[in-house]
Amino acid sequence: MIYADYAATTPLDSRVFEVMKPYFQEQYFNPSALYPQAQKIRKEIEQARSQVAELLDAESEEIIFTSGGTEADNMAIKGIAFALREKGKHLITSQIEHHAVLASFQFLERQGFEVTYLPVDDHFRVSVEAFESAIRPDTILASIMMANNETGAIQPIQELAAIARSEGVYFHTDAVQAITTCKISVRELGVDALSISGHKIYGPKGSGALYLKTDTPIVSWITGGDQEGGYRGGTESVANLIGLGEAARILQSERADRENHGKVLRKRLMDELKRQNLDFQVHQHPTYQLSHIANIGFREVESESLLMHLMLRGIVASLGAACNSSSVEPSYVLEAGKVDRAYIKGSVRFSFGQDTSVEDVDRLASEVKQILDLIRKVNF
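In terms of numbering that gives the first Met the number 0, the sequence shown opens at residue 0 and continues consecutively.
Spelled out as structure tokens, the structure:
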């Protein structure tokens with residue numbers, strides 16, 4: 000099988016699995032207990048927290064472990080909004096956010112908040128000027144994703160966060176997709192909150208983290224214990240947290256290589272598709288773009304049909320966001336970017352990882368050519 004859906008999830012790195020294994024059986028103690036075996040695990044959780052903090056250029060006490068990016072997004076957006084609701088009820092986000100973010104804002108609208116959904120340009124970027132113009136005296140929070148999960152376009156987070164800070168507006172960014180290849184420093188970005196997920200970086204599913212800048216107001220949504228500084232009650236999933244820490248450690252040392260590998264594979268795919276004389280359109284930003292994602296639209300073909308034929312040939316990719324893969328509606332991200340409908344309906348997201356080879360990409364391009372020829376022959 001050729002796996003071309005790394006933006007949806009990644010396999011668990013064998014090195015990560017090795018450090019996790021003891022915590023499933025031998026090291027099963029509750030970290031909140033007082034006896035030495037439990038306190039040893041507590042220290043190891045704090046070591047994992049330090050590893051995540053180091054990856055993000057944060058302080059350890061600013062890292063809150065979660066079950067993944069979705070929980071981290073919900074925690075930040077709802078928690079900060081409710082903490083500040085006496086100061087104002089206006090919020091800002093973009094039209095192309097992950098569903099975890101959009102659903103959080105829609106929830107807040109039902110609670111009496113007002114939300115401005117900023118459009119994007121035809122390269123899927125939020126306008127800095129439009130963002131600044133959207134801020135009002137009652138604006139309390141903005142959330143703009145660092146990189147889009149469907150197209151890979153990277154947003155001007157540092158500029159947006161600086162504007163928000165100058166206006167007294169708290170700023171959150173969903174960095175779940177960006178963390179895969181982007182070097183991230185929360186200090187340089189100037190954000191108040193940032194979400195990541197373990198399973199996007201060869202860590203375990205069910206693991207994630209929220210960076211929350213010191214003194215950022217937030218309401219806790221999961222009560223019942225003082226774990227995670229009181230922000231998230233409940234006994235920790237120790238193996239997952241240890242695994243996330245190890246995945247963060249490995250990513251910090253291998254990030255540049257992964258980014259460069261993605262660039263090589265992405266360019267190879269484009270070159271091969273051009274060589275095949277295929278009619279396609281790449282949905283991307285020409286400069287600010289994740290290296291491992293290629294969202295490509297083909298004319299005169301439906302993406303579902305193309306994906307089915309690829310699966311029959313042992314190649315898996317996706318329509319876009321895995322969390323919305325059951326929907327047959329056109330991609331709201333591509334529509335927001337004003338992509339021609341003829342290309343939207345034939346759009347497929349290919350995403351590559353550390354185990355993808357140049358030979359895999361060559362075969363992928365060849366199979367796409369054969370499938371498109373077959374489909375068009377049948378249609379005509």
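Using N, Cα and C, we set each Cβ at its ideal position, and we do this for glycine too.
Where the beta strand (DSSP E) through residue 280 begins and ends: Residue 280 sits at position 281 when you count from the first residue of the sequence shown. Per DSSP, residue 280 is one residue of the beta strand (DSSP E) stretching across 279 to 282.
In the DSSP output, which residue or residues are listed as bridge partners for residue 296? Position 297 of the sequence shown, counting from 1, holds the residue named residue 296. Residue 296 is bridged to 280, 346.
Could you give the distance in angstroms between the alpha-carbon of residue 251 and the alpha-carbon of residue 210? Position 252 of the sequence shown, counting from 1, holds the residue named residue 251. Position 211 of the sequence shown, counting from 1, holds the residue named residue 210. Cα-Cα distance, rounded: 17 Å.
Residue ranges of each alpha helix (DSSP H) run of no fewer than 4 residues wholly in the stretch 171 to 241, ordered along the chain? 185 to 188
Within 10 angstroms of the Cβ of residue 299, are there 16 or more other Cβ atoms? Answer buried if so, exposed if not. Here residue 299 corresponds to residue number 300 of the sequence shown, with the count starting at 1. With fewer than 16 Cβ atoms within 10 Å of its Cβ, residue 299 is classed as exposed.
Looking only at its chain, what residues have a beta carbon closer than 7 Å to the beta carbon of residue 316, apart from the 5 residues adjacent to it on each side? Here residue 316 corresponds to residue number 317 of the sequence shown, with the count starting at 1. If we look at residue 316 and ignore the five residues flanking it on each side, its Cβ neighbours are 3, 4, 306, 309, 347, 348, 349.
Per DSSP, what kind of secondary structure is residue 117 in: helix, strand or coil? Within the sequence shown, residue 117 is the residue found at index 118, counting from 1. In the three-state DSSP reduction, residue 117 falls in the strand class (E or B).
List in chain order: all unbroken alpha helix (DSSP H) runs of 4+ residues lying wholly within the stretch 129 to 177. Every alpha helix (DSSP H) of 4 residues or more that sits fully in the stretch 129 to 177 is shown, in chain order, as 156 to 165.
Would you kindly report the start and end of the unbroken beta strand (DSSP E) that includes residue 64? Within the sequence shown, numbered from 1, the residue matching residue 64 stands at position 65. Start and end: 62 to 65.
Close Cβ partners of residue 248 (< 6 Å) along its chain, the five nearest in sequence each way excluded: In the sequence shown, residue 248 corresponds to position 249, counting from 1. Closer than 6 Å at Cβ, skipping near neighbours: 50.
Report the residue from 139, 184, 86 whose alpha carbon sits nearest the alpha carbon of residue 52. Translated into the one-based positions of the sequence shown, residue 52 becomes position 53. Comparing Cα positions, the closest option is 184.
Can the beta-carbon of residue 280 be found closer than 9 Å to that of residue 153? For the purposes of this step, residue 280 is identified with residue 281 of the sequence shown, where counting begins at 1. For the purposes of this step, residue 153 is identified with residue 154 of the sequence shown, where counting begins at 1. For residue 280 and residue 153, no; Cβs fall outside 9 Å.
Residue 93 lies in the beta strand (DSSP E); which residues open and close that run? Numbered from its first residue, the sequence shown carries residue 93 at position 94. 89 to 93 is the span of the beta strand (DSSP E), which, as asked, contains residue 93.
On the premise that residue 40 lies in contact with residue 28, defined as a C-beta separation below 8 Å, what is that separation, rounded to the nearest angstrom? Locating residue 28 in the sequence shown gives position 29, counting from the first residue. Locating residue 40 in the sequence shown gives position 41, counting from the first residue. The Cβ separation is near 5 Å, so the contact holds.
Selected residue, minimal CA-CA separation from residue 159, among 132, 182, 149: As a working mapping, residue 159 is identified with position 160 in the sequence shown. Comparing Cα-Cα distances from residue 159 to each of 132, 182, 149, the minimum goes to 132.
With a 10 Å radius around its C-beta and 16 neighbouring C-beta atoms as the bar for buried, classify residue 57 as buried or exposed. Position 58 of the sequence shown, counted from the start, is the residue given in the question as residue 57. Classification for residue 57: buried.
The alpha helix (DSSP H) enclosing residue 122, as first and last residue numbers: Walking along the sequence shown from the start, residue 122 turns up at place 123. Note, residue 122: premise wrong, no alpha helix (DSSP H); not H, not E.
Residue span of the alpha helix (DSSP H) that contains residue 310, given as start and end: Taking the sequence shown and counting its residues from 1, the one referred to as residue 310 is at position 311. From DSSP, the alpha helix (DSSP H) with residue 310 extends over 302 to 311.
C-alpha distance - residue 265 paired with residue 292, whole-angstrom precision: For the purposes of this step, residue 265 is taken as residue 266 along the sequence shown, with counting starting at 1. For the purposes of this step, residue 292 is taken as residue 293 along the sequence shown, with counting starting at 1. Rounded to the nearest angstrom, the two C-alpha atoms are 7 Å apart.
Cβ shell of residue 118 (< 6 Å), same chain only, five flanking positions each side left out: As a position in the sequence shown, residue 118 is number 119, starting the count at 1. Cβ neighbours of residue 118 within its own chain (closer than 6 Å, five residues either side excluded): 94.
CB-CB length for residue 173 against residue 68, believed under 8 Å: Taking the sequence shown and counting its residues from 1, the one referred to as residue 173 is at position 174. Taking the sequence shown and counting its residues from 1, the one referred to as residue 68 is at position 69. Indeed they touch by this definition, with Cβ atoms about 7 Å apart.
With DSSP run on the structure shown, which of helix, strand or coil describes residue 56? Counting from one through the sequence shown, the residue named residue 56 turns up at place 57. Of the three classes helix, strand and coil, the one that applies to residue 56 here is coil, per DSSP.
With respect to 8 Å, is the separation between the Cβ of residue 257 and the closest non-hydrogen atom of the ligand MN below this value? Ligands displayed in this structure: none; no statement on the ligand MN is therefore possible.
Output needed for residue 253: all residues of its chain with C-beta closer than 8 Å, excluding positions within five of it in sequence on either side, in chain order. By 1-based counting over the sequence shown, the position of residue 253 is 254. So the qualifying residues of the chain are 353.
Are residue 207 and residue 80 touching if we call contact CB-CB under 9 Å? Within the sequence shown, numbered from 1, the residue matching residue 207 stands at position 208. Within the sequence shown, numbered from 1, the residue matching residue 80 stands at position 81. Contact: no.
Is the CB-CB distance between residue 178 and residue 54 below 9 Å? Locating residue 178 in the sequence shown gives position 179, counting from the first residue. Locating residue 54 in the sequence shown gives position 55, counting from the first residue. Judged by their CB atoms, residue 178 and residue 54 are nearer to each other than the 9 Å cut-off.
In chain order, what residues of the same chain have a beta carbon less than 8 Å from the beta carbon of residue 22, not counting five sequence neighbours either side? If you number the sequence shown from 1, residue 22 lands on position 23. So the list reads 40, 237, 238, 241, once near-sequence residues are dropped.
Is DSSP giving residue 4 helix, strand or coil here? Counting from 1 along the sequence shown, the entry for residue 4 is found at position 5. Residue 4: strand per DSSP, three-state reduction.
Residue 370 and residue 231: beta carbons closer than 9 Å? Taking the first residue of the sequence shown as 1, we reach residue 370 at position 371. Taking the first residue of the sequence shown as 1, we reach residue 231 at position 232. In this structure, the beta-carbon distance from residue 370 to residue 231 does not fall below 9 Å.
Spatial neighbours of residue 375 within its chain, please: CB distance less than 8 Å, with the 5 preceding and 5 following residues excluded, ordered by chain position. Numbered from its first residue, the sequence shown carries residue 375 at position 376. Taken in chain order, the residues that qualify are 299, 300.
Taking C-alpha atoms, which residue in 366, 61, 340 lies nearest to residue 193? Locating residue 193 in the sequence shown gives position 194, where the first residue counts as 1. Considering only alpha carbons, the answer is 61.
Span of the alpha helix (DSSP H) holding residue 81? The residue given as residue 81 occupies position 82 in the sequence shown. 68 to 82 is the extent of the alpha helix (DSSP H) around residue 81.
Could you spell out where the alpha helix (DSSP H) holding residue 356 opens and where it closes? By 1-based counting over the sequence shown, the position of residue 356 is 357. From DSSP, residue 356 is part of no alpha helix (DSSP H); its letter is neither H nor E.
Classify residue 377 as helix, strand or coil using the three-state DSSP reduction. If you number the sequence shown from 1, residue 377 lands on position 378. Residue 377: helix per DSSP, three-state reduction.
Start and end of the alpha helix (DSSP H) containing residue 105? Along the sequence shown, read from residue 1 onward, the residue named residue 105 stands at position 106. Run containing residue 105: 98 to 109, per the alpha helix (DSSP H) assignment.
Can the beta-carbon of residue 246 be found less than 9 Å from the beta-carbon of residue 15? Working through the sequence shown from its first residue, we reach residue 246 at position 247. Working through the sequence shown from its first residue, we reach residue 15 at position 16. Contact: yes.
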